[in-house]
Amino acid sequence: MLLNELTRTDPRWHLALPIGGGFTYDHAIWVLDQLGGEIVTSNSQPDELSVVIAYPNRAERDEAKKKLRRLSRGKVKFTWGPGWVPA
7 MLLNELTRTD
17 PRWHLALPIG
27 GGFTYDHAIW
37 VLDQLGGEIV
47 TSNSQPDELS
57 VVIAYPNRAE
67 RDEAKKKLRR
77 LSRGKVKFTW
87 GPGWVPA
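Position in the sequence shown counted from 1, then plus 6, gives you this note's numbering.
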């Protein structure tokens with residue numbers, strides 16, 4: 007399977023939320039709760055919370071991405087990408 011094909015079909019996505027500047031771990035956990043899906047793995051650093059979230063299908067994953075944009079309102083710079091597993 008080509009990487010581009012995997013990116014389009016794999017419902018697992020990596021999300022990195024920065025911690026600091028008024029955005030706490032409690033805020034990050036609340037955001038994750040709003041996004042649904044199943045957390046496959048996570049990695050916590052002093053300045054970032056990284057998780058891989060699995061969704062049942064691409065439509066639910068895409069809806070969660072839209073919801074994340076609405077929740078952050080441009081105030082939280084997050085990284086969201088195809089199923090990459092944090093170190």
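Ideal Cβ placement from N, Cα and C applies to all residues, glycine included.
Glu69 is not a Cβ neighbour of Ile59, given a cutoff of 8 Å.
With a 10 Å radius around the Cβ and a threshold of 16 neighbouring Cβ atoms, Trp36 comes out exposed. In the DSSP assignment, the residues bridged to Gly26 are Phe29. Relative to Gln51, the option among Lys73, Arg18, Leu23 whose CA is nearest is Leu23.
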